[in-house]
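S.K.:
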Amino acid sequence: MAGLVLALSACQSSDLALQVTPPPLPNAYDGAPYKTSTARSNTSAWWEGFHDKTLSSLVSRAESMNLTVAMAHQSLTSARALANSAMSAYQLDASVSGMANAATGSRIKDDFTRRPVQLNLDASWEIPLFGQDKQAQKMADLSVAMATEDVAAAKVAVTAEIASNYVHLRALQKRRFDTAELVGLLENNTKIAGVKEQAGLATSIENEPMRAGLDTAKSTLLLLDSEIASTRQQIATLLGSSTPDPALFRYEPQPIAVAGMAEGKPADLLRARPDVLRAEYAVGQTAAQVGIAKADLYPKLRLNGTIGIGTPVSNSILGAFAGPSVQLPIFDYGRRKDAVAAREAEFRQSVLIYKQAVLVAYEEASRALHEVNAARARTAILRARLQRVSKLKASTDVLVREGLAEKSKSITGAIDLLELRSSLTESIENEARATIAFYKATRGVQPVATVDDVKRPTKAEGRK
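Just so we're aligned, residue 22 is where the sequence shown starts under the working numbering, counting upward by one.
1. Of all the options Ile-402, Ala-395, Asp-437 and Gly-424, which has the alpha carbon lying nearest to the alpha carbon of Lys-414?
2. Starting from the C-beta of Ile-4, find all residues in its chain whose C-beta is less than 6 angstroms away, skip the five residues before and the five after it, and write them out in chain order.
3. Is DSSP giving Val-216 helix, strand or coil here?
4. Mark Tyr-55 as exposed unless 16 or more other C-beta atoms lie within 10 angstroms of its C-beta, in which case mark it buried.
5. Given that a residue counts as buried once 16 or more other Cβ atoms are within 10 Å of its Cβ, and exposed if not, what is Glu-398?
6. Below 8 angstroms on the Cβ atoms is my guess for Ser-77 versus Glu-69; work out the distance and round it to an integer in Å.
7. With DSSP run on the structure shown, which of helix, strand or coil describes Thr-89?
8. For Glu-147, which residues does DSSP report across the bridge?
9. If we count the other Cβ atoms within 10 Å of its Cβ and call it buried at 16 or more, is Tyr-375 buried or exposed?
10. Could you give the C-beta distance for Lys-321 and Gln-348, rounded to a whole number, given that I count them as a contact under 8 angstroms?
11. Would Met-92 be called buried (16 or more neighbouring beta carbons within 10 Å of its own) or exposed?
12. Quick check on DSSP: helix, strand or coil for Gly-119?
13. Just the C-alpha distance for Ala-366 and Ala-303, rounded to the nearest angstrom, thanks.
14. Give me, in chain order, the residues of the same chain whose beta-carbon lies closer than 8 angstroms to that of Asp-143; leave out the 5 immediate sequence neighbours on both sides.
15. First and last residue of the beta strand (DSSP E) that includes Gln-348?
16. Under 7 angstroms between the Cβ atoms of Leu-269 and Met-86?
17. Kindly identify the DSSP beta-bridge partner or partners of Asn-141.
18. Counting Cβ pairs closer than 8 angstroms, one from the region 304 to 312 and one from the region 384 to 394, do we hit at least three?
19. Count the other CB atoms within 10 Å of the CB of Glu-301; is the residue buried (16 or more) or exposed (fewer)?
20. Which residue comes first and which comes last in the alpha helix (DSSP H) that contains Val-372?
21. Do Ala-157 and Val-90 have their CB atoms nearer than 7 angstroms?
22. What does a CB cutoff of less than 7 angstroms around Phe-368 pick up in its chain, not counting 5 residues either side in sequence?
23. Quick one: grab the DSSP three-state call for Pro-531.
24. Assuming Glu-301 is part of the alpha helix (DSSP H), what are its boundary residues?
25. Following the continuous alpha helix (DSSP H) through Leu-269, name the residue where it begins and the one where it ends.
26. If I follow the unbroken alpha helix (DSSP H) through Asp-289, where does it start and stop?
27. Our contact map puts Arg-454 next to Ser-185 with C-beta atoms below 8 angstroms; I'd like the distance itself, whole angstroms only.
28. Which term fits Arg-356, buried or exposed, when burial requires 16 or more other beta carbons within 10 angstroms of its beta carbon?
29. Does the region 186 to 196 come close enough to the region 444 to 451 to have 3 or more Cβ pairs within less than 8 angstroms?
30. To the nearest angstrom, how far is it from the Cα of Lys-155 to the Cα of Met-108?
31. Where does Arg-464 fall in DSSP's three states?
32. If you reduce the DSSP assignment to three classes, tell me which class Ala-66 lands in.
33. Which same chain residues end up closer than 6 angstroms to Arg-442 when comparing Cβ atoms and leaving out the 5 residues on each side of it in sequence?
34. Label Pro-149 either buried or exposed according to how many other C-beta atoms from any shown protein chain fall within 10 Å of its C-beta, with 16 as the threshold for buried.
35. Taking DSSP as the reference, what is the three-state secondary structure of Met-108?
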């Protein structure tokens, strides 16, 4: 009999989760650039690659001030508290009870269990023959691990969202500055066109597109002001406050990530993602639930005992009894079999969720890499074009000063330059936000900067 119990116990303690393997992934990300640098894990400060003190300050404060992170910490505290007593159901339980029984006669009751008035110390212990205690503790420990990853996931999400909003805010402010300058140029151009119209050198119909462009620029200015205020408020909410940080009202250059792309196996880079780890822990938890459900199919052995005092009695007021009890699943055996089938289905579902989490993580990182590469290439093209247009603008200004060209040509060149700068601002923002998305997808893998990246400016061009 003892050998059978040990065999069944070993069967129940086998870990189904050990049989689960993640889906195969390529050796490199789809979308990785031809030349890459070696990736190094630096999950705590990847945002330092933007070289922006305000951004670093915002991220640092968010970890202690963000309400989502705070809620995740409370869930972790709750899970840890429950894990401390996870095995209490399979430990010795003692309680004190008192009772008063109605007497059936006048004689003294010497039967310990039938005394009219008694005070008892009751003790019981369910012996976990099939490893239920270990499975229960494992479930509780995995709940703590999952809650820990929830905290990490909240920090990663909040950090990425703050960085993305901050990059967007600086781009909006840059566009707002350029748009205000554009409005001034368009107003000058409109005045020149008005003079030509009064002199009969142009018609109102010919000048209407210019006036419409001025109205559009002024409307864009209003929209940018509204979006800037909204973005400031979003950052304040992420910091657990209703008041935006004063530093966000100052105009500063756009932050630029100078790090190269990561090189390494996706399986290694994605291993630290909180959602992937959480899904992996969930597989282990459902495997433990299968073990507990299977243990319910077999008999349960419980030891019970009572020590008490009672009155009235004819001899000693002290009494005691103890003995084992066995619970056999007979009439509800079918229900317990159904519970096992349900837990096994939940286990298989958790395995699928885990594999899906790995594939989604790979897809997110690959998509972010594609976006980074596209934005980086577009930024390089726009920078080169901006240099050419700036040289042409300088040549036109010389001709205007020498009286060899009309002033309107200089204004037109300045307008073209501002429109090009606006496109460059957007491209720099897209590159930065795609880089943030890649860091989020890999939980902040910080690549080593390449030689070309070191030569890149750490800030966007000034508001020239």
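C-beta atoms are modelled at their ideal positions from N, C-alpha and C, and glycine is treated no differently.
M.R.: On the basis of the supplied data:
1. Asp-437
2. Past the edges of the chain, shown from 22 to 485, lies residue 4, and the structure says nothing about it.
3. helix
4. Any reading at Tyr-55 must be qualified, since the residue scores a pLDDT of 39, below 50, and its modelled position is unreliable; no value is offered.
5. Checking the sequence, you will find Ala at residue 398 rather than Glu. Exposed: under 16 other Cβ atoms inside 10 Å.
6. 6 angstroms
7. helix
8. Arg-323
9. buried
10. 4 angstroms
11. exposed
12. strand
13. 13 angstroms
14. Ala-115, Ser-116, Val-117, Ser-118, Asn-325, Gly-326 and Thr-327
15. 339 to 348
16. no
17. Ser-118 and Gly-329
18. no
19. buried
20. 354 to 422
21. no
22. Leu-37, Thr-307, Ala-308 and Val-311
23. Given that the chain is displayed from residue 22 to residue 485, the structure contains no residue 531 and the question cannot be resolved.
24. 295 to 316
25. First-last for Leu-269: undefined, no H or E at that position.
26. 287 to 290
27. 5 angstroms
28. exposed
29. yes
30. 8 angstroms
31. coil
32. coil
33. Asp-199
34. buried
35. coil
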